[in-house]
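In what follows, a structure is listed as structure tokens, so that the remarks can point back to it.
Here it is, written out as structure tokens:
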């Protein structure tokens, strides 16, 4: 069976976003865990905890976005 | 009466669900597959070709300016009814107060000077993201002949042309597309954000701010640790450029992925299912606006804090 360029492109894009989402997924889960625990221990601080949580999630999520952009470039541009 | 309406709505909803479950997978024979492209589509206006994200951007600007002009008209006219806000003025004041209090809680006294920039970032990105969810975006436009790649067939119904399933040589060029699905817009916002961070840093610390990046003083007089400080400064310089990329791609990636998600879901299961993803996109749009504002605020807080200064 001959493997065409398109097949490789789609496979690469799928692998890029699939593997790239593992780390950020774990990371965001850990951030959520920490945030929930912190809010549970000190409900008064929920505002500042939420702020820091969203910041940390944004940093973790950026990695997944890089993977997404690579996947998008592979599909639409490369 | 109210109960009858509710029951009717539920029945219609379940009916649509069942209907779309039937025609969704089977309906591949008449639902048009979306044509997705990363660069903005352009349509001709006179001699030039205008990208549709530019139209989306201007529309977002108009909506934002109009909303706030209308919301503050009593205040600007100095009328007494401005003292007891009603309707739109209430909304505008509530949004403004929420943002100002939120930013003051993060930045403290330093917030005042940055409030206009940060709140503009938030509101502009919010409106530009949410405007994508209005009907007509990505779906109404010009039918154009495809020069390369595959296209769809067209069918004329009355005055309008519709794309239909099946091979052909036409494609849709939408008039409207959300501004942030064009990499240029998030990248421009990112450049403004990072540049203004430097400006606020210089304002707070004077020209000594740049010793954060090129620390010659430490290199000359600091000994071995001074060399270390110098290298850390080089890393800081690189991370400033990484910031531009990560700001830009985060916003672009989220909103573009949202657009693709909505288009694909709408073509797979045309009824009911897209509503859930519309709710998701409302959330994503708001979170991205908040994240952009908060990251700018956090980076500015770091830049204005000063080297070796402790609070």
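Residue numbers (my numbering), protein chains in the order written: chain A, 132 to 209; chain B, 13 to 323. The beta-carbon is built from N, C-alpha and C at its ideal position, and this holds for glycine as well. All values reported here derive from a predicted model rather than from experimental measurement.
- Spatial neighbours of residue 167(B) in its own chain (CB-CB distance under 7 Å, excluding positions within 5 residues in sequence) are listed in chain order as 174 and 176.
- For residue 164(A), there are no neighbours in chain B by C-beta distance under 9 Å, as the nearest C-beta there is about 19 Å away.
- Annotation: the region 243-293 of chain B contains no complete segment of the alpha helix (DSSP H) (minimum length 4 residues).
- Within the region 267-290 of chain B, 268, 269 and 272 place their CB atoms closer than 9 Å to a CB of chain A, listed in sequence order.
- Residue 64(B) sits away from residue 140(B), with the two beta carbons spaced by 8 Å or more.
- Per DSSP, residue 170(B) lies in no beta strand (DSSP E) segment and is marked neither H nor E.
- For residue 186(B), the uninterrupted beta strand (DSSP E) run begins and ends at 182-186, by DSSP.
- According to the DSSP assignment, residue 56(B) belongs to the beta strand (DSSP E) that extends over 54-57.
- In this structure, the CA atom of residue 79(B) is about 29 Å from the CA atom of residue 261(B).
- Chain order gives the chain A residues near residue 261(B) as 193, 196, 197, 199 and 200, where near means a beta carbon separation below 9 Å.
- At a cut-off of 8 Å between C-beta atoms, residue 265(B) counts as an interface residue with respect to chain A.
- Close partners of residue 310(B) in chain A (Cβ separation under 8 Å): 186.
- Under the three-state reduction of DSSP output, residue 152(A) falls in the coil class, being neither helix nor strand.
- Judged by DSSP secondary structure, residue 156(B) falls within the beta strand (DSSP E) whose first and last residues are 153-157.
- At a Cβ-Cβ threshold of 8 Å, residue 151(A) and residue 195(A) count as neighbours.
- The beta-carbon of residue 203(A) is placed less than 8 Å from the nearest beta-carbon of chain B.
- In this chain, residue 61(B) is not harboured by any alpha helix (DSSP H); it is covered by the beta strand (DSSP E) spanning 60-63.
- Closest in C-alpha terms to residue 198(B), from the list 114(B), 136(B), 309(B) and 317(B), comes 136(B).
- The continuous alpha helix (DSSP H) containing residue 86(B) extends over residues 85-89.
- Cβ-Cβ separation between residue 315(B) and residue 213(B): approximately 4 Å, consistent with a contact (criterion under 8 Å).
- At the C-beta level, residue 199(A) and residue 297(B) stay beyond 8 Å of one another.
- In the DSSP assignment, residue 147(B) falls outside any alpha helix (DSSP H) and carries neither an H nor an E.
- For the pair of segments examined, the region 160-176 of chain A was found not to touch the region 100-108 of chain B: the number of CB pairs separated by less than 8 Å stays below three.
- Cβ neighbours of residue 180(B) within its own chain (closer than 7 Å, five residues either side excluded): 163, 164, 165 and 166.
- Counting only runs of at least 4 residues, the region 155-193 of chain A fully encloses no alpha helix (DSSP H) element at all.
- CA-to-CA, the gap between residue 15(B) and residue 25(B) works out to about 15 Å.
- Contact with chain A is found for residue 306(B), since one of that chain's Cβ atoms lies less than 8 Å from the residue's Cβ.
- Residue 147(A) carries a helical assignment under DSSP once its states are collapsed to helix, strand and coil.
- DSSP, read as helix, strand or coil, puts residue 140(B) in helix.
- A distance below 6 Å between beta-carbons, with the five flanking residues on each side excluded, links residue 28(B) to the following residues of its chain, in chain order: 283 and 284.
- At least 8 Å separates the CB of residue 170(A) from every CB of chain B.
- When C-beta atoms of the region 111-125 of chain B are compared with those of the region 91-98 of chain B, fewer than three pairs fall below 8 Å, so the two segments do not count as touching.
- With contact defined as three or more Cβ pairs closer than 8 Å, the region 72-87 of chain B and the region 203-217 of chain B are not in contact.
- Listed by position along chain A, the residues whose Cβ is nearer than 9 Å to that of residue 184(B) form an empty set, because the closest Cβ is around 16 Å away.
- Between the region 266-274 of chain B and the region 216-230 of chain B, the count of Cβ pairs shorter than 8 Å is below three; the stretches do not touch.
- By DSSP's assignment, residue 179(B) forms a beta bridge with 164(B).
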